[in-house]
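Asks:
Residue numbers (our numbering): 46 to 335.
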């Protein structure tokens with residue numbers, strides 16, 4: 046009888062031990078590895094949020110991989126990544142593909158208002174640029190606008206704003222937002238097109254150096270000038286304001302969704318603000334998607 050009882054107790058203890066081991070290895074929001082795909086234009090804010098998450102959850106390890114926005118979205122659909130950062134609106138066909146292939150409802154997790162800005166060398170006499178100039182310039186064989194490449198978030202967003210396909214626009218290329226800033230002085234007649242997050246961090250030395258090299262052109266539209274400052278982003282008045290959002294294919298609450306929730310809470314939104322961008326959720330009632 047005693048031996049039978051011992052066997053039963055040992056069996057129960059073995060089951061508990063196995064269960065604990067399985068639980069330790071199970072996915073969780075507070076431990077494990079995660080790779081985030083992001084366009085280079087908003088890499089800075091993504092890295093800052095990842096650093097904050099890892100400080101709060103030391104058993105997590107987040108790797109940031111830069112990839113063109115369109116390609117990152119395709120990798121998400123193919124289950125090659127669990128989370129990506131997006132800025133442009135998806136087409137109805139893309140939303141349908143997401144819901145069918147990922148088997149989740151399309152629910153973008155918006156976390157920051159960023160902007161595409163038009164820059165010229167610091168000593169350029171140009172003080173502003175009109176929407177008409179942008180439209181006509183992107184149809185000109187002169188290719189006076191410099192983007193960071195095809196399939197990039199900056200090009201996609203500008204094309205979408207102008208109701209054009211990226212392939213229909215004419216432009217020059219210098220790979221990398223920071224490279225555009227650093228090399229723009231070699232092309233005094235050109236206008237660089239970059240993401241604001243490239244140098245939006247207020248007290249970062251690299252950002253300060255880059256900001257000192259160029260000036261951001263206000264956008265003139267229908268007789269009014271709009272700037273990419275806090276008010277312009279918060280109220281969505283600056284014409285090229287864009288809202289950054291996360292997409293994931295993770296159907297349960299593991300590290301990807303844990304990171305998304307963190308980024309959208311007050312702590313994450315404070316990080317967004319320190320990056321020099323407009324927090325989306327703190328000012329939720331004032332930010333309106335167009």
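Just so it is clear, CB atoms sit at the ideal spot from N, CA and C, and this is done for glycine as well.
Enumerated in chain order, which unbroken segments of the beta strand (DSSP E) with a length of 3 residues or greater are wholly contained in the region 154 to 190?
Replies: 154 to 166
Asks: Look up residue 281 in the DSSP assignment and say whether it is helix, strand or coil.
Replies: Here the question's residue 281 lines up with position 236 in the chain shown. Annotated three-state conformation of residue 281 is coil, per DSSP.
Asks: Mapping DSSP to helix, strand and coil, what is residue 304?
Replies: Translated into positions along the chain shown, residue 304 becomes position 259. Three-state result, residue 304: helix.
Asks: If you draw a straight line from the C-alpha of residue 275 to the C-alpha of residue 160, how long is it?
Replies: Counting from one through the chain shown, the residue named residue 275 turns up at place 230. Counting from one through the chain shown, the residue named residue 160 turns up at place 115. Cα-Cα distance, rounded: 11 angstroms.
Asks: What residues match up with residue 290 in a beta bridge as DSSP calls it?
Replies: Against the chain shown, residue 290 aligns to sequence position 245. DSSP lists 131 and 155 as partners of residue 290.
Asks: Indicate the three-state DSSP secondary structure (helix, strand or coil) for residue 252 in the structure shown.
Replies: As a working note, residue 252 is residue 207 in the chain shown. Helix, per DSSP.
Asks: With DSSP run on the structure shown, which of helix, strand or coil describes residue 324?
Replies: In the chain shown, residue 324 corresponds to position 279, counting from 1. If DSSP states are grouped into helix, strand and coil, residue 324 belongs with the strands.
Asks: If you measure between the beta carbons of residue 79 and residue 316, is that distance less than 8 angstroms?
Replies: As a working note, residue 79 is residue 34 in the chain shown. As a working note, residue 316 is residue 271 in the chain shown. The answer is no: Cβ separation not under 8 angstroms.
Asks: Would residue 193 and residue 220 qualify as a contact pair, given that the criterion is a beta-carbon distance under 8 angstroms?
Replies: As a position in the chain shown, residue 193 is number 148, starting the count at 1. As a position in the chain shown, residue 220 is number 175, starting the count at 1. Going by C-beta atoms, residue 193 is nearer than 8 angstroms to residue 220.
Asks: Would you mind sorting residue 264 into buried or exposed? The rule is 16 or more other CB atoms within 10 Å of its CB.
Replies: Working through the chain shown from its first residue, we reach residue 264 at position 219. It counts as buried.
Asks: DSSP on residue 92, reduced to helix/strand/coil?
Replies: Numbered from 1 along the chain shown, position 47 holds the residue referred to as residue 92. Correct three-state label for residue 92: helix.
Asks: Using CA coordinates, which residue listed in 209, 229 and 287 is at the minimum distance from residue 338?
Replies: This structure does not reach residue 338, given that the chain is present from 46 up to 335, and the question cannot be answered.
Asks: Is the beta carbon of residue 325 less than 8 angstroms from the beta carbon of residue 156?
Replies: In the chain shown, counting from the first residue as 1, residue 325 sits at position 280. In the chain shown, counting from the first residue as 1, residue 156 sits at position 111. Yes, the pair counts as a contact, with Cβ atoms nearer than the cut-off.
Asks: According to DSSP, is residue 207 helix, strand or coil?
Replies: Residue 207 sits at position 162 when you count from the first residue of the chain shown. Coil at residue 207, not helix or strand.
Asks: Pull the bridge partners of residue 342 from the DSSP assignment, please.
Replies: Residue 342 cannot be examined here, being either before or after the span of the chain that is shown, 46 to 335.
Asks: Sorted by chain position, which residues of the same chain lie with C-beta nearer than 7 angstroms to residue 199's C-beta, five sequence neighbours on each side aside?
Replies: Indexing the chain shown from 1 puts residue 199 at position 154. So the qualifying residues of the chain are 86, 161, 192, 193, 238, 239 and 240.
Asks: What's the gap between the Cα of residue 236 and the Cα of residue 184?
Replies: Within the chain shown, numbered from 1, the residue matching residue 236 stands at position 191. Within the chain shown, numbered from 1, the residue matching residue 184 stands at position 139. Straight-line Cα distance between these residues: approximately 14 angstroms.
Asks: Per DSSP, residue 118 is paired with what?
Replies: Taking the first residue of the chain shown as 1, we reach residue 118 at position 73. Its beta-bridge partners do not exist; DSSP assigns none.
Asks: Determine the contact status of residue 122 and residue 142, defining contact as a CB-CB distance below 8 angstroms.
Replies: Against the chain shown, residue 122 aligns to sequence position 77. Against the chain shown, residue 142 aligns to sequence position 97. Less than 8 angstroms separates the beta-carbon of residue 122 from that of residue 142.
Asks: For residue 233, is the classification buried or exposed, using 16 other Cβ atoms within 10 angstroms of its Cβ as the cut-off for buried?
Replies: As a position in the chain shown, residue 233 is number 188, starting the count at 1. Residue burial annotation: residue 233 is exposed, with fewer than 16 other C-beta atoms found within 10 angstroms of its C-beta.
Asks: Apart from the five residues on each side of it in sequence, which residues of its chain come closer than 8 angstroms, Cβ to Cβ, to residue 258?
Replies: Here residue 258 refers to the residue found at position 213 when the chain shown is read from its first residue. Closer than 8 angstroms at Cβ, skipping near neighbours: 166, 167, 226, 227, 229 and 230.
Asks: State the start and end residues of the unbroken alpha helix (DSSP H) segment that holds residue 143.
Replies: Along the chain shown, read from residue 1 onward, the residue named residue 143 stands at position 98. Residue 143 -> alpha helix (DSSP H) spans 137 to 147.
Asks: Rounded to the nearest angstrom, what separates residue 118 and residue 82 at their Cα positions?
Replies: Here residue 118 refers to the residue found at position 73 when the chain shown is read from its first residue. Here residue 82 refers to the residue found at position 37 when the chain shown is read from its first residue. Cα to Cα, residue 118 sits roughly 9 angstroms from residue 82.
Asks: Please report how far the alpha carbon of residue 134 lies from the alpha carbon of residue 213, in whole angstroms.
Replies: Taking the chain shown and counting its residues from 1, the one referred to as residue 134 is at position 89. Taking the chain shown and counting its residues from 1, the one referred to as residue 213 is at position 168. In a straight line, the C-alpha of residue 134 is about 18 angstroms away from that of residue 213.
Asks: Can you look up residue 87 in the DSSP assignment and give me helix, strand or coil?
Replies: Counting from one through the chain shown, the residue named residue 87 turns up at place 42. Helix.
Asks: To the nearest angstrom, how far is it from the Cα of residue 307 to the Cα of residue 268?
Replies: Looking up residue 307 in the chain shown gives position 262. Looking up residue 268 in the chain shown gives position 223. Going from the Cα of residue 307 to the Cα of residue 268 covers about 41 angstroms.
Asks: Let me know the secondary structure DSSP gives residue 232 once reduced to three states.
Replies: As a working note, residue 232 is residue 187 in the chain shown. In the displayed model, residue 232 falls within coil according to three-state DSSP, outside both helix and strand.
Asks: Looking only at its chain, what residues have a beta carbon closer than 8 angstroms to the beta carbon of residue 337, apart from the 5 residues adjacent to it on each side?
Replies: Since the first and last residues shown for the chain are 46 and 335, residue 337 lies out of range.
Asks: I need the straight-line Cα distance from residue 321 to residue 246, nearest angstrom please.
Replies: Looking up residue 321 in the chain shown gives position 276. Looking up residue 246 in the chain shown gives position 201. Their backbone Cα atoms lie some 5 angstroms apart in a straight line.
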